[in-house]
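Each remark here refers to the structure printed beneath this line.
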Amino acid sequence: MNAPVEADEVLDTVGLYCPVPIIKTAERIRKMEAGRTLAILSDDRVILIDLPAWCRSTGHEYLGYRQESAEYRLFVRKTRASARTR
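Straight run, no breaks: the sequence shown in my numbering ends on number 149.
Put into structure tokens, the structure is as follows:
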């Protein structure tokens with residue numbers, strides 16, 4: 064999936080593995096305003112499954128990812144409807 068998205072904030076989770084990238088994403092998203100976009104950098108392939116699932120369960124909008132060498136850049140938009148951020 065190719066996501067031509069500009070992020071408002073970037074979260075670097077390179078070197079961290081499940082479940083830490085999702086925990087850190089939830090912490091960061093909680094502090095952001097609705098409508099803002101977060102880019103998550105990761106080298107853990109599991110995040111390609113975990114992040115879309117987390118977005119479905121919390122109501123945030125998963126925008127896709129780009130692979131950059133051995134790392135992934137994933138994009139999430141915080142929504143107003145997202146009541147839970149787990």
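Just so it is clear, CB atoms sit at the ideal spot from N, CA and C, and this is done for glycine as well. Given the structure is predicted, the values throughout are model-derived calculations rather than measurements.
Sequence-distant residues of its chain with Cβ nearer than 8 angstroms to residue i (five each side left out)
i     : result
Arg91 : Glu72, Leu74, Leu101
DSSP-derived helix/strand/coil call for residue i
i      : result
Asp113 : helix
Glu90  : helix
Arg129 : strand
Val73  : strand
Arg99  : coil
Val139 : strand
Cβ distance (whole Å) where residue i is taken to contact residue j below 8 angstroms
i      : j      : result
Arg136 : Leu104 : 6 angstroms
Identity of the residue in the options nearest residue i by Cα
i      : options                    : result
Val108 : Leu126, Glu131, Arg143     : Correcting the residue type first, residue 108 is Arg in the shown sequence and not Val. Of the listed residues, the one whose Cα sits closest to Arg108 is Glu131.
Leu114 : Gly98, Lys87, Ala97, Ala70 : Lys87
Thr76  : Glu69, Val68, Ala89        : Ala89
Cβ-based neighbour list, residue i, same chain, cut-off 7 angstroms, excluding 5 preceding and 5 following
i     : result
Ala66 : Unreliable positioning characterises Ala66 in this predicted model, as indicated by a pLDDT of 49, which lies under 50. A coordinate reading is not provided.
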